[in-house]
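A short write-up of the structure that comes next.
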Amino acid sequence: MMPGGGLGIFDGCTSQFGFQFPGARYGGVSSRSECSALPAKLQAGCQWRFDWFKNADNPNLLLAMHPRCQPDSVLHVVLFLLLITLVLVGLGSFFYDEH
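In this text, residue positions in the sequence shown follow full-length UniProt numbering: the first is 1, and each later residue adds one.
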């Protein structure tokens, strides 16, 4: 949940704090000045949304680095998966073939 964000469909904070929250139901307050209308316990988080987080709306996460697998570890994984497949196929034929 985003500090200062909207309450969404469930609107649980209204019953918890006992008053109607400012801003849109989805998205919440639209400016830092609206944070002062929130309960004192929530104001610092709401201000953080505008000061540090720059009021970003559902930001995306972009990984700058991608881990690289060593060729030999990829080979080990492939061989392991092949072994598991062979074991499962063997067990399947053991249990489902007529003896």
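Think of the CB as a built atom: it goes at the ideal place given N, C-alpha and C, for glycine as much as any other residue.
- Between ALA24 and GLY6, the CB-CB gap stays under 8 Å.
- Using a 10 angstroms sphere on the CB of ARG49, the tally of other CB atoms reaches 16 or more, which defines it as buried.
- The beta carbon of CYS35 sits closer than 7 Å to those of GLY4, VAL29, GLN43, CYS46, GLN47, all from its chain and outside the five residues before and after it, given in chain order.
- Excluding five sequence positions before and after GLY8, the CB atoms of its chain that fall closer than 8 Å to its own CB belong to ARG25, TYR26, given in chain order.
- Scanning its chain for C-beta atoms nearer than 6 Å, with the 5 sequence neighbours on each side dropped, one finds around PHE17 the residues PRO39, in chain order.
- Annotation: the stretch 2-27 contains no complete segment of the beta strand (DSSP E) (minimum length 3 residues).
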